[in-house]
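A.B. asks:
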Amino acid sequence: MGIHHPHGVRCIPFFVFQIRRYAMSSLLEQVKLFNEDYEWYPTTNEQIDAVYLKLKQLKEKRYSLLDIGAGNGKVLSRLTDLGSMDPSVDGYNKVIPAKKYAIEKSKPLIDALPEDVFLVGCDFYEQTLIDKKVNVIFSNPPYSQFSEWAVKIIKEARASHLFMVLPKRWVFDQSIHEALGIRKPFSTKKGKLGYEILGSFDYHNAEDRKARAKVDVIYISLGHDYYGSMDMETDPFNVWFNESFSGLSAPKSKIAEYERKQAERDSMSSKIKDQLVKGDDLVQVLVSLYESEMSHLFQNYKSVSELDADILRTLDVNIESIKEALKQRIESMKDRYWRELFDKLDKITSKLTHDSRKVVLDTLTCNTSVDFNHGNIYAVLSWVFKNANKYFDSQLVDTYERMIEKANIVPYKSNQRVFADFDWRYNRKPDDLTHFKLDYRIVLERVGGICNDSSRYGQERFNGLSQGAANLIDDLCTIASNLGFVVFENHKSFFWNAGNKNAIRYRDAQGIWNDLLEVRAFKNGNLHLRLSSKFAAKLNVEFGRLKGWLTSASSAASEIDISDEDALDSFRSNYVLTIENANNLIGFRG
C-alpha cells in the first residue's frame with residue numbers, strides 16, 4: 073500500500089523508501105572515505121514532491137531533465153516514480169522525465185546512478201550549460217557554494233524550467249538577483265517576481281541526512297516550450313557570450329579553472345597561428361580544424377554504433393542514450409568553433425554597448441547549432457557587416473535615453489514647451505517630449521551605484537560598482553569611442569568608493585590627455601556624471617540628428633548653442649562600418 077502526500081501526490085511504497093535509505097546511508101560513508109563530502113545534503117522526498125507538484129501544474133509531459141549535482145540519482149528516480157504512479161493522471165498525460173541527464177563529481181555517486189541516467193559532466197565548474205538543451209534543470213548545490221552555483225545555472229541554463237534547493241539566506245544574495253535580472257525570467261507572479269518559492273523545508277527529519285539547515289525550493293520560469301521550440305526572454309548563449317567580451321577578471325577562487333580553460337583556448341589559438349603562418353586564410357584554418365575534430369568524433373560514434381547488439385546488451389549499454397549524449401557533444405563543439413570565429417570580431421563588437429551586443433549576438437548565435445562551414449560562416453559575417461551600422465546608431469539613442477530625467481535636460485532654443493512635475497511622475501517621461509539636449513551635469517537615479525554586496529567577490533567583480541552602473545559607464549565609453557574619442561579607460565580602470573570622483577580620459581590629436589567623463593557613484597543607487605563640453609556636444613548633436621530634429625551642422629549650432637566648429641566636428645561623427653574595410657578590420661585576408 074502506498075502512502076499519500078497531503079497535497080495529492082501518491083508516494084512510492086514504503087519498502088522502496090527503506091531500501092533506498094539503507095543504500096544512501098552506505099553511499100554517504102563511501103563519499104566520506106573518498107573525501108568527496110562537499111557540504112552536501114541529499115534532497116528530501118518532501119522537497120522532490122514540491123517539484124513534482126509544480127511540474128504537474130505545468131503539465132510537463134515526458135520532459136528531459138538535467139540534475140546538476142545529481143548524487144545517486146534520487147531526484148531523477150523519484151520524479152520518475154511519482155509521475156508513473158500518480159493515479160490522477162492518465163497514461164498519455166503522465167508527467168515523467170523521458171530523458172534523464174546528470175552532472176556529478178563524486179566517483180561513488182556516479183557509480184550509483186541508475187542505468188537510464190546519462191552523465192554529461194563531472195566537475196560543475198568545467199561544464200558549459202548553454203549547450204545542454206533540456207526542458208527542466210534541477211540542482212541542490214553544496215551549501216558553501218550555493219551562490220556561485222545558482223548564478224552560473226541561472227545565467228547559462230538552456231531550459232524552460234529551473235528548480236533549485238537553496239539556503240533561506242539566498243534571498244539576500246545580490247549576485248543571484250543580478251543573475252535573475254540578466255536572464256529576465258518569465259514572471260511566475262504576473263510581473264512581480266521572477267521566481268516562486270514552492271516551499272520552505274528543513275532536515276530535522278530527513279530520511280538520508282539530518283541537519284539544522286533550512287532551505288527554500290524555488291522555481292524559475294526561463295521560457296516556454298511551443299511544440300518542441302523553446303521561447304526565452306534572454307538566450308543563455310547570449311549572456312555567456314556577452315560576458316566573454318567584457319574582459320572581467322575571474323574571482324581568485326576560480327583562477328585555476330579559468331587558467332585551465334584559457335590553456336585550452338590557447339592551444340587552439342596556437343594551431344590557428346601555425347596555419348596562418350603558412351599563408352592560409354583564417355576561415356579555411358578554422359573549417360579545417362573543425363572538420364578534423366568532427367571526423368574524430370563521428371569515428372568514435374561509429375565505433376560504438378557498430379558494436380554487435382548482443383555485446384551491447386551484455387555490457388548493459390543504452391545505445392539511444394549514447395547517441396543523444398554524442399549529439400549534445402557535437403552541438404557543444406559547434407558552439408566552440410563559432411565562438412572562436414566571433415572572437416575575431418572584437419574590433420567590431422568592441423564598438424557595441426552591452427545591450428546592442430546582445431541584440432547582435434541573438435542573431436549570430438542562432439547559427440551556432442548548424443554546421444561550421446564556409447557558406448554558413450560568410451552568411452553570418454555578411455549579416456554583421458550589413459547590420460552593424462544600424463546598431464551603432466540605435467545604441468547611441470538607447471544609451472542617451474537612459475539618461476533622460478527632468479533635471480538632466482535642456483530644451484532647444486526653438487522649443488518653448490515647459491513640462492510640469494506632474495508630467496514626470498511615476499518615473500515616466502512626458503509623451504510629447506521632444507527637441508531637447510542633455511545638460512553636461514547629469515544625475516541618474518535607480519541605474520545602480522556602489523555595489524551593496526560586501527563580500528570580496530561582490531566588491532572585486534565590478535571594482536566596487538553594481539553591474540548596472542558598470543555597464544552604463546562602459547557603454548558611455550563605447551559611445552565616446554564611436555564618436556571619435558580615443559578612449560582606453562572604462563569602469564575597470566578604477567576602484568570605486570561612495571562619493572569619490574573618478575575621471576575617464578581621452579587622448580586628443582596632439583597626444584594630450586583630457587577628461588571625457590567624471591563619475592561619482594553612491595550607495596543609494598545613484599550616479600552623478602559630468603560630461604566634457606566636446607563629449608556633450610557630439611552626443612547631443614548625433615542624438616538630435618538620429619531623432620530627425622537636427623538636419624545640418626548649422627541647425628545643431630543654433631539649437632544646441634555650440635560653436636560652428638564643434639557643430640561641424642559633431643554632425644555625422646558616429647562610427648560607420650563600410651564593406652570595403654570590414655575584412656581588414658577583423659583581420660581576414662581572404
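Residue numbers (this note's numbering): 73 to 662.
All C-beta atoms in this analysis are idealised placements derived from N, C-alpha and C, irrespective of residue type, glycine included.
Where do the ends of the alpha helix (DSSP H) carrying Phe607 lie?
C.D. replies: Run containing Phe607: 605 to 618, per the alpha helix (DSSP H) assignment.
A.B. asks: Taking the alpha carbon of Ile476 as the reference point, which residue from Asp511, Lys462, Phe457, Ser486 has its own alpha carbon closest?
C.D. replies: Ile476 has its Cα closest to that of Asp511, out of Asp511, Lys462, Phe457, Ser486.
A.B. asks: Would you decide whether Ala639 is buried or exposed? Buried here means 16 or more other CB atoms lie within 10 Å of its CB.
C.D. replies: Ala639 should be labelled buried.
A.B. asks: Specify, as a first and last residue, the run of the beta strand (DSSP E) that Ser272 falls within.
C.D. replies: From DSSP, the beta strand (DSSP E) with Ser272 extends over 268 to 275.
A.B. asks: Among Gly597, Phe643, Ile634, which has the Cα closest to the Cα of Leu618?
C.D. replies: Here the closest residue by C-alpha is Phe643.
A.B. asks: Kindly confirm or deny that the stretch 545 to 565 and the stretch 607 to 627 touch, where touching means at least three C-beta pairs closer than 8 Å.
C.D. replies: Cβ pair count under 8 Å is three or more, so yes.
A.B. asks: Kindly list the residues whose CB is nearer than 8 Å to the CB of Asp580, restricted to its own chain and excluding five residues on each side of it in sequence; keep chain order.
C.D. replies: Cβ neighbours of Asp580 beyond the five flanking positions: Val558, Asn586.
A.B. asks: Could you compute how far the alpha carbon of Glu631 sits from the alpha carbon of Lys564?
C.D. replies: Glu631 and Lys564: Cα-Cα distance of roughly 36 Å.
A.B. asks: Three or more C-beta pairs closer than 8 Å, one from the stretch 399 to 419 and one from the stretch 468 to 488: is that the case here?
C.D. replies: As far as the Cβ criterion goes, the stretch 399 to 419 does not touch the stretch 468 to 488, which means the pair count is below three.
A.B. asks: DSSP on Glu517, reduced to helix/strand/coil?
C.D. replies: Three-state result, Glu517: coil.
A.B. asks: Looking at Gly616: is its Cβ nearer than 8 Å to the Cβ of Arg592?
C.D. replies: Cβ distance not < 8 Å, so Gly616 and Arg592 don't count as in contact.
A.B. asks: Using a 10 Å radius around the Cβ and a threshold of 16 neighbouring Cβ atoms, would you call Arg429 buried or exposed?
C.D. replies: Buried.
A.B. asks: Buried or exposed: where does His426 fall if 16 or more other Cβ atoms within 10 Å of its Cβ makes it buried?
C.D. replies: Burial call: buried.
A.B. asks: Any idea if Asn372 is buried or exposed, counting beta-carbon neighbours within 10 angstroms, 16 or more meaning buried?
C.D. replies: Exposed is the call here.
A.B. asks: Can you check DSSP and say which residues form a bridge with Asn574?
C.D. replies: Answer by DSSP bridge pairing, in chain order: Val591.
A.B. asks: Tell me which residues share the same chain as Gly597 and place their Cβ nearer than 6 Å to its Cβ, disregarding the 5 neighbours each side in the sequence.
C.D. replies: Around Gly597: Arg518, Gly520, Gly521.
A.B. asks: Contact between the stretch 230 to 240 and the stretch 196 to 208: three or more CB pairs below 8 Å?
C.D. replies: Yes, the stretch 230 to 240 touches the stretch 196 to 208.
A.B. asks: Answer yes if the stretch 190 to 204 comes into contact with the stretch 135 to 143, meaning at least three C-beta pairs across the two stretches below 8 Å, and no otherwise.
C.D. replies: Flag = yes, the stretch 135 to 143 and the stretch 190 to 204 touch.
A.B. asks: Taking Cβ positions, are Asn646 and Lys509 nearer each other than 8 Å?
C.D. replies: Against a cut-off of 8 Å, the Cβ pair of Lys509 and Asn646 comes out as no contact.
A.B. asks: How far does the beta strand (DSSP E) with Pro169 in it extend, from its first residue to its last?
C.D. replies: Unbroken beta strand (DSSP E) run through Pro169: 169 to 175.
A.B. asks: Could you tell me the alpha carbon to alpha carbon distance between Asp353 and Glu403, rounded to whole angstroms?
C.D. replies: Taking the straight line joining both Cα atoms gives about 24 Å.
A.B. asks: Does the distance from the CB of Met236 to the CB of Ile225 come in under 8 Å?
C.D. replies: Yes, the Cβ-Cβ distance between Met236 and Ile225 is below 8 Å.
A.B. asks: Give the straight-line distance between the Cα atoms of Ser526 and Ser538, rounded to the nearest whole angstrom.
C.D. replies: The alpha-carbon atoms of Ser526 and Ser538 are separated by roughly 11 Å.
A.B. asks: Considering only C-alpha positions, which residue in the set Glu220, Gln356, Pro308, His249 is nearest to Tyr409?
C.D. replies: It is Gln356 whose Cα lies nearest to the Cα of Tyr409.
A.B. asks: Give the C-beta separation of Pro169 and Ser136 to the nearest angstrom, bearing in mind that I take them to be a contact with Cβ-Cβ under 8 Å.
C.D. replies: Yes, Pro169 and Ser136 are in contact; Cβ-Cβ is about 7 Å, under 8 Å.
A.B. asks: In the DSSP output, which residue or residues are listed as bridge partners for Asn586?
C.D. replies: Bridge partners of Asn586: Tyr578.
A.B. asks: According to DSSP, simplified to helix, strand and coil, what is Val208?
C.D. replies: Strand, per DSSP.
A.B. asks: Could you give the distance in angstroms between the alpha-carbon of Leu453 and the alpha-carbon of Phe414?
C.D. replies: About 9 Å.
A.B. asks: Measuring straight from C-alpha to C-alpha, what distance separates Leu127 and Ile175?
C.D. replies: Cα to Cα, the separation comes out at about 21 Å.
A.B. asks: Do you know how far the Cα of Val431 is from the Cα of Asn144?
C.D. replies: One C-alpha to the other measures close to 41 Å.
A.B. asks: What first and last residue would you give for the alpha helix (DSSP H) that runs through Ile225?
C.D. replies: Element bounds for Ile225: 218 to 228.
A.B. asks: Just list the residues that DSSP pairs Ala420 with in beta bridges.
C.D. replies: Per the sequence shown, residue 420 should be read as Ile rather than Ala. None, per the DSSP bridge assignment.
A.B. asks: Considering Cα atoms alone, identify which of Glu473, Glu561, Glu118, Val515 is closest to Lys501.
C.D. replies: Measuring from the Cα of Lys501, the nearest candidate turns out to be Glu473.
A.B. asks: Smallest Cα separation from Asp158: which of Tyr124, Leu358, Ala184?
C.D. replies: When each option's Cα is compared against that of Asp158, the closest is Tyr124.
A.B. asks: For a test of the three-state rule: what should DSSP assign to Ser293, helix, strand or coil?
C.D. replies: Looking at Ser293 - three-state DSSP - the assignment turns out to be strand.
A.B. asks: Using C-beta distances below 8 Å, list every residue in its chain close to Asp503, excluding the 5 sequence neighbours before and after it, in chain order.
C.D. replies: Taken in chain order, the list of residues that qualify is empty.
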